[in-house]
Amino acid sequence: VAGAAVFEPFVDLKGEHLNVAKISDNGKKQRKNWTTMWTVLTSEQLLFYKDRQQETGPKPGGKTDVVQLYGSVTEWTSEKSSRKNVFQITTNTGSEYLIQADSYSTVSKWFEAIRKAIESSTKV
Ligand code: I3S
Numbered sequence: 078v079a080g081a082a083v084f085e086p087f088v089d090l091k092g093e094h095l096n097v098a099k100i101s102d103n104g105k106k107q108r109k110n111w112t113t114m115w116t117v118l119t120s121e122q123l124l125f126y127k128d129r130q131q132e133t134g135p136k137p138g139g140k141t142d143v144v145q146l147y148g149s150v151t152e153w154t155s156e157k158s159s160r161k162n163v164f165q166i167t168t169n170t171g172s173e174y175l176i177q178a179d180s181y182s183t184v185s186k187w188f189e190a191i192r193k194a195i196e197s198s199t200k201v
């Protein structure tokens, strides 16, 4: 059908180590502390684990943080860090996360996938 949205399947993002800094927690400014997190994207959430073992190991389930994507906004930023390849996610409760990796292709892949997940996320 002309004009119909083309459905693009999600890039397969099983999990990857990304540098993450939570700079605001529900509107409350946090001291910036970059940590490498095992990051997993689902259709509604971005999950941060200390390491891969926490997700898939013998005792899984220990998520360090969960970002609800519904109502979140994501954008590239060059002002909030001196690091390269940084984008931020702002949740609808006012939490802010900076996401970074040295590889631009890695970060842009995550940026695009998260953007699409936000677009198609629904209120839970
Ligand atoms: O935005 P800031 O405060 O310049 O971020 C830097 C600080 O978090 C710094 O730690 P101290 O608060 O202990 O000085 C970090 O080591 C830096 O990595 C932060 O800056 P970048 O540009 O890396 O995000």
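One rule links them: number in UniProt numbering = place in the sequence shown (from 1) + 77. Ideal placement from N, C-alpha and C gives every residue a C-beta, glycine not left out.
Taking the Cβ of serine 158 as the reference point, at least one heavy atom of the ligand I3S falls within a distance shorter than 6 Å.
For leucine 118, same chain residues with a beta-carbon under 7 Å away, outside a window of 5 residues either side, are Leu90, Ala190, Ile191, Ala194 in chain order. For the pair lysine 99 and threonine 133, the Cα-to-Cα distance works out to about 24 Å. Closest option to lysine 200, judged by alpha-carbon separation, among Ser120, Ile166, Thr112, Gly92: Ser120. The closest CA to that of lysine 186, considering only Gln107, Ser198, Thr167, Thr116, is found on Thr116.
Counted as a single uninterrupted DSSP element, the stretch harbouring threonine 168 is not any beta strand (DSSP E), since DSSP gives it neither H nor E. Lysine 99 has its Cβ no nearer than 6 Å to any heavy atom of the ligand I3S. The shortest CA-to-CA distance from phenylalanine 164 to any of Thr170, Gly171, Tyr181, Gly148 is the one to Tyr181. Pairing tyrosine 147 with serine 197 gives a Cβ-Cβ distance that is not under 7 Å.
Relative to the ligand I3S, the beta carbon of lysine 109 is positioned inside 6 Å of a heavy atom. Sequence-distant partners of lysine 127 (beyond 5 residues in either direction) whose C-beta falls short of 6 Å from its own C-beta, in its chain, are Thr141. Counting only residues of its own chain and dropping the five nearest sequence neighbours on each side, serine 149 has a CB closer than 7 Å to the CB of Ile166, Thr167, Thr168, Asn169, Ile195. As computed with DSSP, isoleucine 176 is found in a beta bridge with Val97, Phe164.
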